[in-house]
Amino acid sequence: MALTNKEVIESFYSAFARHDPEAMAALYHDEVEFSDPVFETLKGEQARNMWRMLIERGKETLSIKFSNVQATETNGTANWTADYLFSSTGNMVHNVVSASFEFKDGKIIRHADYFSFWKWSRQALGTAGLLLGWTPFLKKKISEQAKKGLEKYSKSKV
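At position 134 of the sequence shown the residue is numbered 133 (numbering that gives the first Met the number 0), and the sequence of numbers has no breaks.
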């Protein structure tokens, strides 16, 4: 029996909370498009590999909670939080995220996460984030580093 769209979202975040990126990936449509303030836009296997990488790197400290899951036949939303150690600086991060989803063939075809980059950067980067986290310069630099890290991770898994 097929999952409802609400159950798809709940299954996605339940898999995230138990650090199971393959279960998360299975809920993504082959043509999935993911976006957020750090990675910007990722498609298909890039999006799946992002979750694999984040879970692999954060297993020791990553804690996920989700709430307010809502869905219709075509769209859905959820709120979630991630608590983890940002490995580059050793700083703890508490990221509060709002997510939106679109569905196709019983799977997630579009997933967008929204959070304050400045609030995230203050926690992850400390003083640099506090002073520069609101600037397009820092956001671009962090996005480029994240994409390079994902590209390196993806190549190592081939």
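Don't be surprised by glycine CBs; every beta carbon is placed ideally from N, CA and C.
- For SER120 and ILE8, the gap between their C-alpha atoms comes out near 27 Å.
- The criterion of a C-beta distance shorter than 8 Å is satisfied by GLN69 and LYS5.
- Contact check for VAL37 against ALA127 fails: the beta carbons are separated by 8 Å or more.
- When the five nearest sequence neighbours on each side are left out, the beta carbons in the same chain lying within less than 6 Å of the beta carbon of SER34 are those of THR40, ALA111, in order along the chain.
- The beta carbon of GLY57 is closer than 6 Å to those of TYR83 in its chain, skipping five residues each way along the sequence.
- Taking a 10 Å sphere around the C-beta of VAL31, we find 16 or more other C-beta atoms and assign the residue as buried.
- In the structure shown, PHE114 adopts coil according to DSSP, grouped into three states.
- Rounded to the nearest whole angstrom, the C-alpha separation of PHE114 and THR76 is 14 Å.
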